[in-house]
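Contents: one structure, followed by commentary.
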Amino acid sequence: MKAIRLILVGPPGCGKGTQAKRIEDKFKIIQLSTGDMLRKAVAEGTPAGVKAKAIMEAGQLVPDDLIISMVGDRIAQPDCQAGFILDGFPRTLAQAQALDRSLKARGLRIDAVIEIRVPDEDLVERITGRFTCAQCGQGYHDRFQKPAREGICDKCGGSQFTRRADDNAETVRTRLKAYHEMTESIIPHYERQDILRVVDGRQGIDQVSEAVSAVVAAL
Ligand code: ADP
Ligand code: ADP
Ligand code: ZN
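Numbering (the numbering used here), first residue to last: 1 to 219.
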């Protein structure tokens with residue numbers, strides 16, 4: 001099967017992580033979540049993690065050089081040669097340009113950028129209701145995606161769940177501002193390359209998955 005390289009873009013809470021995991025399962029393309037990578041670096045107390053911690057807690061973007069080198073190292077690894085889904089990167093025009101350059105240097109390119117479009121007013125509830133299985137990372141929501149049996153993960157049977165420190169109503173506003181001021185500018189960049197595909201993220205999770213899958217299947 002040919003390698004597929006995708007980007008998922010959209011505001012915090014639009015469903016990037018949820019959809020990336022579904023594409024990963026269905027098409028066997030690995031998800032690269034920069035938020036997950038950074039949270040791991042913070043938990044492990046690496047130099048990058050130490051730098052990123054307070055910035056993430058405040059809902060701001062970590063410096064471009066830090067995240068660009070983190071992603072550059074990751075996509076050069078053997079398990080990424082069969083393709084990848086970038087979830088949460090790029091988030092600035094400088095990041096998008098750096099990614100283009102590093103792929104081009106190896107004769108590669110992004111196949112599609114899927115924008116998951118959700119209005120701001122829906123995002124606060126999505127984010128403040130989000131929780132995750134501590135054991136397997138499966139995502140849930142207090143209202144929109146509850147485990148079938150309360151307190152038990154559908155996927156792995158685990159009973160410990162976590163909530164992100166930055167998933168509070170106050171930080172969400174800073175994150176939304178960062179999205180509109182910094183990240184939205186990457187959309188016309190990919191529109192010009194004619195690889196942008198827009199999906200209506202207000203639909204239910206399964207309908208969004210169908211729309212996303214249709215884009216991937218057509219590549
Ligand atoms: P992102 O990775 O873009 O920040 P997530 O995939 O983590 O977003 O989704 C945020 C929250 O909203 C999660 O709790 C998830 O279960 C829920 N969610 C995701 N997609 C939808 C949807 N289409 N409708 C309702 N809730 C959703
Ligand atoms: P969201 O649910 O907001 O999409 P993520 O898990 O993708 O959250 O990111 C969490 C935080 O990690 C961001 O608010 C930001 O501080 C940092 N971060 C993640 N990816 C990037 C990036 N590409 N550039 C800068 N900061 C990033
Ligand atoms: Zn689990």
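Quick reminder that beta carbons are idealized off the backbone N, C-alpha and C, glycines included.
Quiz item: For the alpha helix (DSSP H) that residue 212 lies in, which residues bound it at each end?
Solution: 205 to 217
Quiz item: Excluding sequence positions up to five away, which residues of its chain have a Cβ less than 7 Å from the Cβ of residue 127?
Solution: 12, 13, 167 and 172
Practice problem: Confirm the yes/no value for this check: CB of residue 135, any heavy atom of ligand 3, distance under 7 Å. | Solution: yes
Exercise. Take residue 223 as the anchor and find which of 62, 93, 41 and 25 has the nearest alpha-carbon.
Key: Outside the shown range of the chain, which is 1 to 219, sits residue 223, and nothing can be said about it.
Practice problem: Determine the direct distance from the alpha carbon of residue 114 to that of residue 219, and round the result to whole angstroms. | Solution: 12 Å
Exercise. Just tell me which of 88, 201 and 183 has its CA closest to the CA of residue 122.
Key: 201
Quiz prompt | Backbone secondary structure at residue 132 - three-state DSSP | solution = strand
Exercise. Indicate whether residue 30 and residue 6 have their beta-carbon atoms separated by less than 8 Å.
Key: no
Quiz item: Mind checking whether the beta-carbon of residue 97 lies closer than 7 Å to any heavy atom of ligand 2?
Solution: no
Quiz item: At what residues does the beta strand (DSSP E) containing residue 31 begin and finish?
Solution: 30 to 33
Self-check item: Option in 108, 208 and 21 with minimal Cα separation from residue 118
Solution: 208
Quiz item: Got a sec, what are the start and stop residues for the alpha helix (DSSP H) residue 24 sits in?
Solution: 16 to 27
Quiz item: Using the rule of at least 16 other Cβ atoms within 10 Å of the residue's Cβ for burial, across every protein chain shown, is residue 107 buried or exposed?
Solution: exposed
Exercise. Taking residue 192 as the reference, give the member of 112, 180, 204 and 147 with the closest Cα.
Key: 112
Self-check item: Chain-order list of residues whose beta-carbon lies under 6 Å from that of residue 175 (same chain, five-residue window excluded)
Solution: 12 and 59
Self-check item: Coarse secondary structure for residue 61, derived from DSSP in three states
Solution: coil
Practice problem: Tell me whether residue 19 is buried or exposed, calling it buried when 16 or more other Cβ atoms sit within 10 Å of its Cβ. | Solution: buried
Self-check item: Own chain residues within Cβ distance below 8 Å of residue 197, not counting five before or after
Solution: 112, 113, 114, 115 and 215
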